[in-house]
Amino acid sequence: MNHIKEKVMEGVFLFTAVISIIAVALICVFLFANGFPAMQKIGVWQFLSGKVWKPTNNIFGIFPMILGSIYVTGGALLIGVPVGILMSIFMARFCPEKLYRILKPIVDLLAGIPSIVYGFFGLVVLVPFIREHFKGNGNSILTASILLGIMILPTIISVSESSLRAVPESYYEGSLALGATHERSVFSAVFPAARSGILAGIILGVGRAIGETMAVVMIAGNQPILPKSLLSGVRTLTANIVLEMGYATDLHREALIACGVVLFVFILIINLCFSAVKRKADAT
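Each residue of the sequence shown is one higher than the one before, counting from 368 in the numbering used here.
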């Protein structure tokens, strides 16, 4: 009987894995089949390096959007990664039990807040704050980076905390036995052992930041031009697609799908880079 159950569950798991692979393959086929023809018509180099986006004149250059996505994602990581990792260390190893019972639900709640609500928060709170203290109109790379940094916190904190708690307690106790302090034991013995899981949390955070659309549309300025500073308005690849797909036709529509191809490849490259770093960290 147990043997039959094992075979059935094995078949169920195999079926779900195959479905997942097929879904990803279909998405890839759709993107590349509809995006590459547009790149060929426009010219791959002209499409990727062009600095002007004027669909009405059949001019499709997405370099400003590529830079916008990089700047906003990079800014979010600079804000969210240090805060998220330090917060996860505090919750896993330093936080009193009573305080943990309060902080854990708050972090989980942050993960469940819809992006449109984050967008409203950025529009009502962050944009006026940036406008008042840093000049400009408030709709800028800096504003979007701060908001996305907040949005990726629950992902990084949850995954990193789980990784830290998964480290065998003998690592910590062995460090204490050698005369290290509590803080040194956490940062020198427990933290390095959890590097793999922490990197996984950062990768998920990058995916959340670079794929976010609604909140960025509301506060980033949506200007398809090369940004001159952190206080300049910017348009990301995801924002470009969502803003214009509703009325785009023919080559314009194909160019927007090609933006999706670039975004897909961009995320793939980032994941491969993090995977290489992770393998190197595991090897050492």
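Glycine residues also receive a C-beta, built at the ideal position from the N, C-alpha and C atoms.
Query: In this structure, how does DSSP classify G588 when only helix, strand and coil are distinguished?; Result: strand
Query: Would F558 be called buried (16 or more neighbouring beta carbons within 10 Å of its own) or exposed?; Result: buried
Query: Please name the residue, chosen from R646, L639, I636 and L604, that lies closest to F414 on a Cα-to-Cα basis.; Result: L604
Query: Kindly give me the distance between the Cβ atoms of G486 and V526, rounded to whole angstroms, as I take these residues to be in contact under 8 Å.; Result: The Cβ separation is near 24 Å, so there is no contact.
Query: Tell me whether V629 sits in a helix, a strand or coil according to DSSP, three-state version.; Result: helix
Query: Below 8 Å on the Cβ atoms is my guess for I456 versus L531; work out the distance and round it to an integer in Å.; Result: 7 Å
Query: Classify I426 as helix, strand or coil using the three-state DSSP reduction.; Result: strand
Query: Per DSSP, K421 forms a beta bridge with which residues?; Result: I426
Query: Can you check DSSP and say which residues form a bridge with V601?; Result: G588
Query: Please name the residue, chosen from A459, I452, I519 and K465, that lies closest to R482 on a Cα-to-Cα basis.; Result: A small fix is needed here, since residue 482 is Ser in this sequence, not Arg. Ranking A459, I452, I519 and K465 by Cα distance to S482 puts I519 first.
Query: For P463, which three-state DSSP category applies?; Result: coil
Query: Report the three-state DSSP secondary structure of P404 (helix, strand or coil).; Result: helix
Query: Going by Cα to Cα distance, which pick from F488, L466 and E621 is closest to M581?; Result: F488
Query: Specify, as a first and last residue, the run of the alpha helix (DSSP H) that T522 falls within.; Result: L520 to A533
Query: In angstroms, rounded to a whole number, what distance separates the CA positions of I592 and G378?; Result: 52 Å
Query: Out of curiosity, what's the CA-to-CA distance linking L444 and G574?; Result: 11 Å
Query: Please identify the residue among E550, I634, I608 and K465 whose C-alpha is closest to the C-alpha of I570.; Result: I634
Query: For a test of the three-state rule: what should DSSP assign to E611, helix, strand or coil?; Result: helix
Query: Below 8 Å CB to CB, which residues in the same chain sit around K408 once its five sequence neighbours on both sides are set aside?; Result: L618 and E621
Query: Rank I452, S642, M432 and Q590 by C-alpha distance to the C-alpha of E528 and give the top, closest one.; Result: I452
Query: If you reduce the DSSP assignment to three classes, tell me which class K372 lands in.; Result: helix
Query: Within this structure, are the beta carbons of L598 and F501 separated by less than 7 Å?; Result: yes
Query: Measure the C-alpha to C-alpha separation of T548 and G572 and round it to an integer number of angstroms.; Result: 31 Å
Query: Are there 16 or more other CB atoms within 10 angstroms of the CB of Y438, so buried, or fewer, so exposed?; Result: buried
Query: Can you tell me whether P535 is buried or exposed, with buried defined as 16 or more other CB within 10 angstroms of its CB?; Result: exposed
Query: Go to L566, then tell me how far its alpha helix (DSSP H) extends in each direction, as first and last residue.; Result: R562 to G578
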